[in-house]
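J.: I have a structure I would like to understand better, so I am pasting it below and will then ask my questions one at a time.
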Amino acid sequence: MRPFVYERPADVSAAVAVASRFADQQDQPTKADVQFIAGATNLADYMKLGVAKPKRLLDLNALREPTLRQIKIGDGIIRFGALVRMGEAADNDDVRRICPLLSESLKLAASGQIRNMASLAGNVLQRTRCEYFRETSWPCNKRDPGSGCAAMEGFNRQHAVLGTSDGCIATYHGDFAQALIALDATVEIEGKRGARRMEFAKLHRLPGDTPDIETNLAPDDVIVAIEVPFAAWSRRSHYLKIRDRESYAFALASAAVALDLDGNMIRHARIALGGVATVPWRAKAAEEALQGKTLDQEVAETAADAAFAEAQPRRYNAFKIPLGKRTLVRALLETRDMKV
Amino acid sequence: MNQAAPAPKENMGQPVPRIDARLKVTGQAGYSADLAAGNVAYAALATSTIAKGAIQALHLDRARAVPGVLDIVSIGDMDQIEKPKFGNTGASSIGPLHDKTVFHDGQIIALTIAESFEAAEEAAMLIEADYAQENPSASFDSQGTKIEPAAGKSPMYKEDAKVGDFDSAYASAEVKIDQKYSTPTQHHNPIELFSTTAWWQGDQLTVHEPSQNVTGWKIELARQLKIDPANVRIISPYVGGAFGSKGPMTARTAIVAVAARRVGRPVRCVVSRMQAFGTQTYRAETRHRIRIGAGKDGHITAFAHEGWEVTSRPDPYVVGGASATARMYNYGSVLTHVSLVRADRNTPGYMRSPPETPYVYALENAMDEMAVALGMDPIEFRRINEPQKEPIGGKPFSSRSLLKCYEQAARAFGWSRREARVGSMRDGDWLVGMGCATAIYPTAVAPCAARIRLTADGQVRVQCGSHEIGTGVRTVAGQMAAERLGVDLDKVSVEMGDSALPPAPVSGGSISTASVCSAVLKACDAVRQKLFAAAVGEGGPLAGSGNAKLDMAGEKIVADDGKSAALSDLFKTMQIGAIEEYAEFAPRGSSPEALKKLYAGESEFHGGDQDQDSVKYAFGAEFVEVRVNSHTREVRVPRLVGAFAAGRIMNTRTARSQLMGGMIWGIGQALHEATEIDQRHARYVNRDLQDYLVPVNADIKEVEVILVPEIDHEVNPAGVKGLGELGNVGTAAAVASAVYHATGKRIRDLPIRIEDLVT
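From first to last, the protein sequence lines are chains A and B.
Take the first sequence: its position 326, counted from the start at 1, is 326 in our numbering, and no numbers get skipped.
Our numbering runs 340 ahead of the 1-based position in the second sequence.
Given below as structure tokens:
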């Protein structure tokens, strides 16, 4: 591990100020000399592995603004402070009642110990766990732009089939982000240019030709809150995660589903897919296929086919297409059958 | 008594808690890298990033410039030292710093030594090598491998077992199968990382390292360093998981010893989990072809088992489990053949039940297929083929309780509720499947020495250079001494894990309990004889009871004529404060050199299929229920039941714990574990516990272990059959059979993954 400077700014504006002073504005947040840290469940790991090499860490845990640590519910909005721990959000009874999808996506992620450390904003910004990205001796366009992609023709069982490019097929592994993108969440950001809001769907960027650029954040942007709209329909929402073992594993395929039903007829479906895509993945084509339909197995299968119509399999991950479809079908049927 | 501490049945000892349980759960047990060693300097490994080629240049300047770096040991710095040897005490013959040749991915290319762990790590990461790279062969399907017969390549696999005329028996069989099976590379991944701490005091070298063979390592390390073994001491009081990975010494130990000599202070190297994949041993991947022929009545007439195993270029590590599968059932004719496939990989090694786990997996999966082909219940099929004598040499089994195990496990599991038709059992959206398989493990024993000291106050000290690798051997050795010397267990202390103690064999092959307890028994009996002679001798407290049968209990010598004498009184009479006996135990059939070899760090195994009088095995039957989701096809295991018979059970608590741990590992082997290899580069890809999956608590629901009483006086004086490696043999085949029963899909390649079932 390389030496680094460690600081604990006292408030958000101080964090932004220090970051602005030391960050090159042209740098991606993941490459900048100065980087933020909260739960340390992802960045510290990558620093030990030599994947992340910040010279200066700004620990956000001493920020004094109380709203950073609060969950506020009202006016059809759940507002999660950025420093709320995953475990705390997962255990919040009101959140679970209003929108089970949020609670389930958090509860099925990582382990109890990690959920107690990891912040919500840090969680949505977690970086891929691609084996070739994690080990610095392999070529990786995300880690070392232009060096190539070892996963493309390598052992790519866990890799993405949606949102891939010729330069990168690394999966976005998060669960909570699937709930957020399905629910049209918004992030609140403080930065050098003041406060702003961003649709959650615009936070992450497809790899394209620049897989090293993962988000639309600047290196001195601090996420301060995540807002999620809710209504009566959000009670009928569900996260299904399929993985190699019962707990503490990334999704091979997952589905975040919220259904607004009129009897058995679908007024509106919200769907996101995890474990199969390079970024949090909203499945709009599947949503449209369900609109106005009565949900049964056959209709669900049609929607699942639409969701994976553009999927690009590689040698070891082709199973993710049938598995992703089956996962979505099962999630839709389970959500339909929820007692709310 | 509770589930964790089963009530002892016939020929079973008390479920006393481990004598070091409290130390372990409170963090007070000192593992090798925890032990104080003075002014320690820290070391880190730099390893190769190619699998085949040569190192043309090493660039060390940036590493040397890291503040706090003291020294770097690299290629050429070991020239005055002997290269490692491949064998029971040495993991590989590759001397990574002796040679510019790269034999495998992750080979050590340098060791950095620094004032801090962080500086050593940073320096190691800054080392770069220029390679002349060649195209490596990764595995079975790669170009450039070399295939050769395994027989004779290892002293543990001398020949391929065969009997009768397989070809004609198979040709004329009424019902037959011919199938292929495979098992993947697996790494042990013990939670305690591998480490070496070494320091010199004059010409005396002390090494702290987790080890299953302190005596063997002392001899081998002295040989490599060209020093007198009397000047080497290996200390390994506790081992946090070994499973075979800490059996043979690796090249690192001598490198760290050299580093300590160069910097003139203790050097500690804790190997990262990622680097352990390339610098330690692993379970070789195997492929199998099995042919079974039988009559319509279910009697097997022909059995052939061919195996292929990956090993490294320089070292012929043989898995060789066909010796066990060839002796499992009453086959009629048997043909086996094992081949080694040399590839550009590090040398594989022992991993919990090394031969049996992959080979019995293939056999038992095939047995289930055969039962299906015959339309027969799989337990009935095994009952029909239960042998009276082992089929190869025609020798009797010293004891064989397999059918009892099947009966008891089947009853507890509720096998009678199984509906035979595939896919016929369902619970909502979940397909239910049930399967079973046989577990077998050879019962071996080796020479061992022990020293016992008894003082007048009834305190007992047991000393034996065996190893507490989590099995509970310290506890059962203490139990044996307490029982023989008639004191409470809390008056017994047990010292192990130090090459300065009386030598014990390698803690492998499930021999420790039998070997250690036999030596402890012999030393205790020597103590007893001295005490008894003094007690009944002239002026002794039991003079006149010379014809009575004597025993020790409650810190007394007890005669069956009703008289007794307190130990403290007897010691007064004898005018001594302590009595100490050193005993060497050698199993029946030992060679004249067996004890000499013990001191030279070589363990001479007896038992299994090697003895003249009988073959010796422990058996078990394992039953598994699986649930497979009808939509998404993930496999879950709600229930495991295993029944095992293994001679005398010293301690029902530690026995159950080991068997349960084995069965859980079997679930991992069936559904989770595999080291993935980038086939283009012959490099391991999933080198950490994020991607190398093992079961977590949530995967394991009900596990029931049944200890089946068995008495076997033939195996060794203690009557003990080892069971540390029995539990994980058979589990994977039972899972595969249950998955077939649930889904109709026969998965022959482990692990069974969702992709096998979803498409």
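Every residue gets a Cβ at the ideal spot worked out from N, C-alpha and C, and that includes glycine.
1. Three or more C-beta pairs closer than 8 Å, one from the region 568 to 588 of chain B and one from the region 537 to 557 of chain B: is that the case here?
2. Can you tell me whether Val340/A is buried or exposed? The criterion is at least 16 other CB atoms within 10 Å of its CB, across all chains shown.
3. On the DSSP bridge list, what partners appear for Ile242/A?
4. By DSSP, does Phe643/B sit in helix, in strand, or in coil?
5. Give me the Cα-Cα distance between Tyr657/B and Lys493/B, rounded to the nearest whole angstrom.
6. Quick check on this structure: which residue in Ala19/A, Arg2/A, Gln28/A has the alpha carbon closest to the alpha carbon of Pro211/A?
7. Whole angstroms are fine: how far does the CA of Ala150/A sit from the CA of Trp138/A?
8. List, in chain order, every chain A residue whose beta-carbon is nearer than 7 Å to that of Gly1030/B.
9. Is the Cβ-Cβ distance between Ser1077/B and Asn529/B less than 8 Å?
10. For Val406/B and Phe457/B, I'd like the C-alpha separation in whole angstroms.
11. Taking the DSSP output, what are the residues bridged to Pro656/B?
12. So what does DSSP say about Ser20/A, is it helix, strand or coil?
13. Contact check, Met707/B vs Ala634/B under 8 Å by CB: the rounded distance?
14. Just the chain B side, please: which residues come within less than 8 Å of Leu252/A by C-beta, in chain order?
15. Does the Cβ of Arg235/A lie closer than 7 Å to at least one heavy atom of the ligand MG?
16. Looking at the strands, I want to know which residues DSSP matches up with Tyr1123/B.
17. Which stretch, first to last residue, makes up the alpha helix (DSSP H) that contains Asp518/B?
18. Are the C-beta of Pro476/B and some C-beta of chain A separated by less than 8 Å?
19. Going by C-alpha to C-alpha distance, which of Val1043/B, Val968/B, Val977/B sits closest to Gly289/B?
20. Thinking C-beta only, is Val222/A closer than 8 Å to Phe36/A?
21. What's the call for Met990/B, buried or exposed, on a 16-neighbour Cβ count within 10 Å?
22. Taking all protein chains shown into account, do 16 or more other C-beta atoms lie within 10 angstroms of the C-beta of His1053/B, making it buried, or fewer, making it exposed?
23. Of all the beta strand (DSSP E) runs that stay within the bounds of the region 646 to 716 of chain B, which reach a length of 3 or more residues?
24. Along the chain, which unbroken stretches of the alpha helix (DSSP H) at least 4 residues long are found entirely within the region 789 to 826 of chain B?
25. Work out the CA separation of Glu190/A and Ala17/A for me, nearest whole Å.
26. Leaving out the 5 sequence neighbours to the left and right, which residues in its chain are closer than 6 Å to Ala32/A when beta-carbon positions are compared?
27. Does Lys636/B pass the burial test, meaning 16 or more other C-beta atoms within 10 Å, or should it be called exposed?
28. Thinking Ser234/A and Gln178/A are a contact (beta carbons under 8 Å), I'd like their distance in whole angstroms, please.
29. The alpha helix (DSSP H) spanning Thr853/B covers which residue range?
30. Beta-carbon of Thr1071/B versus every beta-carbon of chain A: anything under 8 Å?
31. Anything in chain B within Cβ reach of Pro207/A, meaning under 9 Å, just list it in chain order.
32. Within a Cβ cutoff of 8 Å, which residues of the same chain sit near Gln1019/B, ignoring the five residues on either side of it in sequence?
33. Kindly indicate if chain B contains any beta-carbon less than 8 Å away from that of Thr327/A.
34. Which residues in the same chain have their Cβ closer than 6 Å to the Cβ of Gly798/B, if we skip the five residues on either side of it in sequence?
35. Tell me whether Asn123/A sits in a helix, a strand or coil according to DSSP, three-state version.
36. From Ala666/B to Ala883/B, what does the alpha carbon distance come to, in whole angstroms?
T.: Reading from the atomic positions:
1. yes
2. exposed
3. In the DSSP output, where bridge partners are listed per residue, Ile242/A has Ala253/A.
4. strand
5. 8 Å
6. For Pro211/A, the nearest C-alpha among the options comes from Gln28/A.
7. The straight-line gap from Cα to Cα measures roughly 6 Å.
8. Before going further, note that residue 1030/B is Gln rather than Gly in the sequence given. In chain order: Arg129.
9. no
10. 12 Å
11. Paired residue(s): none; Pro656/B is not in a bridge.
12. helix
13. That pair is no contact at about 10 Å.
14. Ile1094
15. Ligands displayed in this structure: none; no statement on the ligand MG is therefore possible.
16. This structure leaves residue 1123/B out entirely; chain B is present only between 341 and 1099.
17. Note, Asp518/B: premise wrong, no alpha helix (DSSP H); beta strand (DSSP E) at 515 to 523.
18. Residue-level contact check: Pro476/B does not touch chain A, since none of the beta carbons of chain A fall below 8 Å from its beta carbon.
19. Any property of residue 289/B remains undetermined from this structure, which presents chain B solely from 341 to 1099.
20. Their beta carbons are under 8 Å apart, which means Phe36/A touches Val222/A by this criterion.
21. buried
22. exposed
23. 673 to 683
24. 813 to 825
25. 11 Å
26. Ala23, Pro219
27. exposed
28. That pair is no contact at about 15 Å.
29. 852 to 876
30. no
31. None at all; the shortest Cβ gap to chain B is about 20 Å.
32. Ala478, Ser479, Asp481, Ser482
33. Yes, Thr327/A lies at the interface with chain B (some Cβ there is under 8 Å from its Cβ).
34. Val827, Lys831, Glu895, Leu907
35. helix
36. Annotation: Ala666/B to Ala883/B spans about 58 Å, alpha carbon to alpha carbon.
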